[in-house]
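A.B. asks: Next up is a structure, given as C-alpha cells.
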Amino acid sequence: DAGVIQSPRHEVTEMGQEVTLRCKPISGHDYLFWYRQTMMRGLELLIYFNNNVPIDDSGMPEDRFSAKMPNASFSTLKIQPSEPRDSAVYFCASSLENTGELFFGEGSRLTVL
Amino acid sequence: AQKVTQAQTEISVVEKEDVTLDCVYETRDTTYYLFWYKQPPSGELVFLIRRNSFDEQNEISGRYSWNFQKSTSSFNFTITASQVVDSAVYFCALRDDYKLSFGAGTTVTVRA
C-alpha cells in the first residue's frame, strides 16, 4: 500500500519566492495534518483537515502561509512570500480516525536563501 | 503550555544495553492516546506504539516495551538489548482534542 506521498522532497528557493508543497494522503484516511520541524521549535502542528475541511489552523505562523485540500487525495501548503526563517522540514501526515496513529510522509526539506 | 515533556535530550549506550526513555504528559481530557515515534537519520517519522488512556496494561512487543502510569502521567519506553540500528531520535506524543502534540525528542546513540 502506498503511504503518504509528499513533493518535492527538497526545495531551495530565494527569499520572496512562492513555495508550494504537495501531499497525497493514504486513501481512505479522513484526517490530514501539516507539521513543520525545526531544530529550535521541534515538531509543530500547522493545520489539520477533517474530510477536506480545515478544522484548526491556529498553528499557521502568519498570513504568508496557506493550506488547501480541494479533494480527499490532495493537499497543498503554500508560502508566499517565503523568508529564510521558513527553512524547515515540512511533514504531511494522515490518519484513519481521530484516535489513531498518524502516518507521515518523508517530508519536504525547504531552504530559503 | 508544554503538553509532552521528554527530559532526556540525549542517551548514549553500548550495543546490547537496555535503553529507557522517559515521557511525561499533561492533559485535561479523560480520553486520550499516547504514542512513540522513531526518526532515524534518514528523516522519516516511523510509528512505533500506541496506547489509550483507559488501558494501563503494560506490554512487550519484540524488543520494545512500555510502562504507562496514569497516576504519574508517564509513558516510558524501553528498548531491550539495543542495536546500532536503534540509533535515532525518539518522540513521545499525545493525541487529545484530535491533534497530536510531540515532545522535544530524545536522541539515542547506540555504539557498537
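Going down the list, the protein sequences come from chains W and B. Per my numbering: the first sequence = residues 104 to 216. Per my numbering: the second sequence = residues 108 to 219. Heads up, the beta-carbon is just placed ideally off N, CA and C, and yes, glycines get one too.
Using a Cβ cut-off of 9 Å, pull out every chain B residue sitting near L205/W, in sequence order please.
C.D. replies: Along the first sequence, read from residue 1 onward, the residue named residue 205/W stands at position 102. Near L205/W (Cβ distances below 9 Å), the residues of chain B are F142, Y144, L152, F154, A200, R202 and L207.
A.B. asks: Show which residues of chain B have a CB atom less than 9 Å away from the CB atom of D159/W.
C.D. replies: Taking the first residue of the first sequence as position 1, residue 159/W is located at position 56. Neighbours of D159/W on chain B, chain order: D204, Y205 and K206.
A.B. asks: May I ask which residues mark the beginning and end of the beta strand (DSSP E) holding T116/W?
C.D. replies: Translated into the one-based positions of the first sequence, residue 116/W becomes position 13. Run containing T116/W: H113 to T116, per the beta strand (DSSP E) assignment.
A.B. asks: So, with DSSP's three-state summary, where would you put K206/B?
C.D. replies: Counting from one through the second sequence, the residue named residue 206/B turns up at place 99. Correct three-state label for K206/B: strand.
A.B. asks: Let's see if you can read the secondary structure: which residues bound the beta strand (DSSP E) around Q140/W?
C.D. replies: Taking the first residue of the first sequence as 1, we reach residue 140/W at position 37. Per DSSP, Q140/W belongs to the beta strand (DSSP E) from Y134 to T141.
A.B. asks: Where does D189/W sit, in a helix, a strand or coil, going by DSSP?
C.D. replies: Numbered from 1 along the first sequence, position 86 holds the residue referred to as residue 189/W. Of the three classes helix, strand and coil, the one that applies to D189/W here is helix, per DSSP.
A.B. asks: From the DSSP output, in three-state form, read off T202/W for me.
C.D. replies: On the first sequence, position 99 is the one that residue 202/W refers to. Correct three-state label for T202/W: coil.
A.B. asks: Does the Cβ-Cβ distance between Q113/B and D129/B come in under 8 Å?
C.D. replies: For the purposes of this step, residue 113/B is taken as residue 6 along the second sequence, with counting starting at 1. For the purposes of this step, residue 129/B is taken as residue 22 along the second sequence, with counting starting at 1. Taking 8 Å as the Cβ cut-off, Q113/B and D129/B qualify as a contacting pair.
A.B. asks: Mind pulling the beta strand (DSSP E) runs of 3 or more residues that sit fully within the segment 123-196 of chain B?
C.D. replies: Complete beta strand (DSSP E) runs here, min 3: 126-128, 140-146, 153-159, 166-168, 171-176 and 181-186.
A.B. asks: Looking only at C-alpha atoms, which of L152/B, Y171/B and K206/B sits nearest to D136/B?
C.D. replies: Here residue 136/B is taken as the residue at index 29 of the second sequence, counted from 1. For D136/B, the nearest C-alpha among the options comes from K206/B.
A.B. asks: Against chain W, which members of the segment 170-203 of chain B pass a CB distance test of less than 9 Å?
C.D. replies: Answer set for the segment 170-203 of chain B: F198, A200 and R202.
A.B. asks: Please list, in chain order, the chain W residues whose beta carbon lies closer than 8 Å to that of R157/B.
C.D. replies: For this step, residue 157/B is matched to residue 50 along the second sequence. Those within 8 Å of R157/B in chain W are G203 and E204.
A.B. asks: Cα-Cα, which of A196/W, S185/W, K127/W and M142/W is closest to P173/W?
C.D. replies: One-based indexing of the first sequence puts residue 173/W at position 70. When only C-alpha atoms are compared, the closest one is K127/W.
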